[in-house]
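Asker: Dropping a structure here in structure tokens format, bear with me for questions.
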Amino acid sequence: RHVNDALDECDLLINIGARFDDRATGRIDGFAPNAKIVHVDIDPAEIGKNVRTDVPVVGDAAHVLRLLTPEVEPGNYAEWRGWIESRRNRQLTAALENRPEWPEPYTIVRAIAEASDGQAIVTTDVGQHQMWTAQFFGFDFPNRWLTSGGLGTMGFGLPSAIGAQIGAPEAEVWAVVGDGGFQMSLPELATARQEKLNINIAVINNGYLGMVRQWQDLFHQKNYSEVEISCPDLALLAEAYGITGITVRTDAEIRPAVDRARATPGPVLIDFVIEPEANVYPIVPPGASNSEMMYDQRFQDTE
């Protein structure tokens, strides 16, 4: 949310190598309405294709940055950064102060972030859990976030965690996945077990293809179609592979489970059973601008 607010208020937007797709812009005529836009891209066809560009720059991003960086004069942006950070922190604070007895996704993500001091490499599939992870982990260190963005690649989380652990064997690695996407790549549990990889798998289990269900709930009059999914007992499934399996059903069990996973050698799977109809917010309705986000009604005091 704080990012969308910043885009709505900024007076200069510099885009380096991104394509201004609809996942980022919302309704185009409402995107960054107060900003002069500088767009750097190696492909001239991308510049001005979706969003008006005031300063087009065609070139390789690294080369352009090397040329431009010496020309930038230091400035004092403390007030602007403070405004953005305050909006980020208000949502997080309100979320953590409204904790129910069952596991809330943002509480799960924060527990992983705090236990690892934000140093863990985190991978995800795609869907609600991806949004919760992006919003609440923090990611204050570089090269810690492996996700496929808007490509929609369900099943990406576990295989990419395996790659991350092999590539950085000393790193703490967490795969935060949904129960739907996880079942698309769960045979890779055998790979993780065989290679004795120190991977922690956090399954955000709501019994649905959550993002699709949320859209059908909010924008299609609850006309649900092909979103409820069956799922085995994931802790028992992990044990069948010779992997430590943990089931979490209450808020109080979250941090002990995270700590146990971190202290256990080899792969560990935690099945976080959450409220089935939990929604991720903010969300931009179809055809709306980013400034027309929908919020969780519980957190309206963050306005």
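Everything in the sequence shown is counted per my numbering, starting at 10 for the first residue and increasing by one.
Backbone N, C-alpha and C define an ideal beta-carbon position, used for all residues, glycine too.
#1: Which one or two residues does DSSP pair with residue 253 in a beta bridge?
#2: Answer yes or no: do residue 291 and residue 10 have a C-beta to C-beta separation smaller than 7 Å?
#3: Near residue 312, what residues of its chain come up, given a Cβ to Cβ distance below 6 Å and the 5 sequence neighbours on each side ignored?
#4: Using 8 Å for Cβ pairs, my map puts residue 186 next to residue 216. What's the rounded Cβ distance?
#5: Which parts of the stretch 99-165 are runs of the alpha helix (DSSP H), unbroken and 4 residues or longer, counting only runs that do not cross its ends?
#6: Below 6 Å CB to CB, which residues in the same chain sit around residue 177 once its five sequence neighbours on both sides are set aside?
#7: What residue range is occupied by the uninterrupted alpha helix (DSSP H) comprising residue 15?
#8: May I ask you to verify whether the stretch 107-117 touches the stretch 157-166, counting CB pairs closer than 8 Å and requiring at least 3?
#9: Would you give the residue range spanned by the alpha helix (DSSP H) that residue 265 belongs to?
#10: Specify the secondary structure class of residue 241 as computed by DSSP and reduced to three states.
#11: Any idea which residues DSSP pairs residue 210 with across the strands?
#12: What did DSSP end up calling residue 311 once you bin it into helix, strand or coil?
#13: Bridge partners for residue 22 per DSSP, in chain order?
#14: Roughly how many whole angstroms lie between the Cα atoms of residue 169 and residue 205?
#15: Among the residues of its own chain, which have a CB less than 6 Å from the CB of residue 96, if the five just before and after it don't count?
#16: Please return the same chain residues whose Cβ sits closer than 6 Å to the Cβ of residue 56, not counting the five positions on each side in sequence.
#17: Where does residue 298 sit, in a helix, a strand or coil, going by DSSP?
#18: Just the Cα atoms here: how many angstroms apart are residue 250 and residue 289?
#19: Taking the beta carbon of residue 142 as the centre, do at least 16 other beta carbons fall within 10 Å, making it buried, or is it exposed?
#20: Have a look at residue 197 and residue 120 and give me their C-alpha separation to the nearest angstrom.
#21: Taking the straight line between their C-alpha atoms, what separation do you get for residue 207 and residue 247?
#22: Bridge partners of residue 290, per DSSP?
#23: With respect to the alpha helix (DSSP H) encompassing residue 221, which residues constitute its N-terminal and C-terminal limits?
#24: Note down, in chain order, each residue of its chain lying with its Cβ closer than 6 Å to the Cβ of residue 53, except the 5 sequence neighbours on either side.
#25: Work out the CA separation of residue 283 and residue 22 for me, nearest whole Å.
#26: Within 10 angstroms of the Cβ of residue 138, are there 16 or more other Cβ atoms? Answer buried if so, exposed if not.
#27: Round the Cβ separation of residue 171 and residue 133 to the nearest angstrom and send it over; I've been treating them as touching at under 8 Å.
Answerer: Well, looking at it:
#1: By one-based count along the sequence shown, residue 253 stands at place 244. Paired residue(s): 277.
#2: Taking the sequence shown and counting its residues from 1, the one referred to as residue 291 is at position 282. Taking the sequence shown and counting its residues from 1, the one referred to as residue 10 is at position 1. Taking 7 Å as the cut-off, the Cβ atoms of residue 291 and residue 10 count as close.
#3: Indexing the sequence shown from 1 puts residue 312 at position 303. In this prediction, residue 312 has a pLDDT of 47, which is less than 50 and means its spatial position is unreliable; nothing more can be read from the coordinates.
#4: Sequence index remark: in the sequence shown, residue 186 carries index 177 (1-based). Sequence index remark: in the sequence shown, residue 216 carries index 207 (1-based). The C-beta distance from residue 186 to residue 216 rounds to 14 Å, too long to meet the 8 Å contact threshold.
#5: Within the stretch 99-165, the complete alpha helix (DSSP H) runs of at least 4 residues are 114-124 and 137-145.
#6: Within the sequence shown, the letter at position 168 stands for residue 177. Counting only Cβ-Cβ distances below 6 Å, and skipping sequence neighbours, we find nothing.
#7: The residue labelled residue 15 in the question sits at position 6 within the sequence shown. Membership of residue 15 in the alpha helix (DSSP H) is indicated by the continuous run 11-18.
#8: Flag = no, the stretch 107-117 and the stretch 157-166 do not touch.
#9: For the purposes of this step, residue 265 is taken as residue 256 along the sequence shown, with counting starting at 1. From DSSP, the alpha helix (DSSP H) with residue 265 extends over 263-272.
#10: Mapped onto the sequence shown, residue 241 falls at position 232. Correct three-state label for residue 241: coil.
#11: Translated into positions along the sequence shown, residue 210 becomes position 201. As computed with DSSP, residue 210 is found in a beta bridge with 184 and 278.
#12: Numbered from its first residue, the sequence shown carries residue 311 at position 302. Because residue 311 carries a pLDDT of 46, less than 50, the predicted location of this residue cannot be relied on, and the following value inherits that uncertainty. DSSP, reduced to helix, strand and coil, places residue 311 within a helical segment of the structure shown.
#13: Stepping through the sequence shown from its first residue, residue 22 is reached at position 13. Residue 22 pairs with 46.
#14: As a first step, residue 169 must be located in the sequence shown, where it is residue number 160. As a first step, residue 205 must be located in the sequence shown, where it is residue number 196. A straight line joining the alpha-carbon of residue 169 with that of residue 205 spans about 16 Å.
#15: Position 87 of the sequence shown, counted from the start, is the residue given in the question as residue 96. Correct list, in chain order: 11 and 14.
#16: If you number the sequence shown from 1, residue 56 lands on position 47. Closer than 6 Å at Cβ, skipping near neighbours: 48, 50, 62 and 65.
#17: Working through the sequence shown from its first residue, we reach residue 298 at position 289. Reduced to three states, the DSSP call for residue 298 is strand.
#18: Stepping through the sequence shown from its first residue, residue 250 is reached at position 241. Stepping through the sequence shown from its first residue, residue 289 is reached at position 280. In a straight line, the C-alpha of residue 250 is about 32 Å away from that of residue 289.
#19: As a position in the sequence shown, residue 142 is number 133, starting the count at 1. Flag for residue 142 reads buried.
#20: For the purposes of this step, residue 197 is taken as residue 188 along the sequence shown, with counting starting at 1. For the purposes of this step, residue 120 is taken as residue 111 along the sequence shown, with counting starting at 1. Rounded to whole angstroms, residue 197 and residue 120 show a C-alpha spacing of 25 Å.
#21: By 1-based counting over the sequence shown, the position of residue 207 is 198. By 1-based counting over the sequence shown, the position of residue 247 is 238. So the alpha carbons of these two residues sit roughly 14 Å apart.
#22: Stepping through the sequence shown from its first residue, residue 290 is reached at position 281. Answer is none; residue 290 lacks a bridge partner.
#23: Within the sequence shown, the letter at position 212 stands for residue 221. Counting along the chain, the alpha helix (DSSP H) containing residue 221 begins and ends at 219-228.
#24: Sequence index remark: in the sequence shown, residue 53 carries index 44 (1-based). Excluding positions up to five away in sequence, the list reads 67.
#25: Stepping through the sequence shown from its first residue, residue 22 is reached at position 13. Stepping through the sequence shown from its first residue, residue 283 is reached at position 274. Just so you know, the alpha carbons of residue 22 and residue 283 end up roughly 38 Å apart.
#26: For the purposes of this step, residue 138 is identified with residue 129 of the sequence shown, where counting begins at 1. Residue 138 comes out buried.
#27: On the sequence shown, residue 171 is found 162 positions in, with the first residue counted as 1. On the sequence shown, residue 133 is found 124 positions in, with the first residue counted as 1. With a Cβ gap of about 14 Å, residue 171 and residue 133 do not count as contacting.
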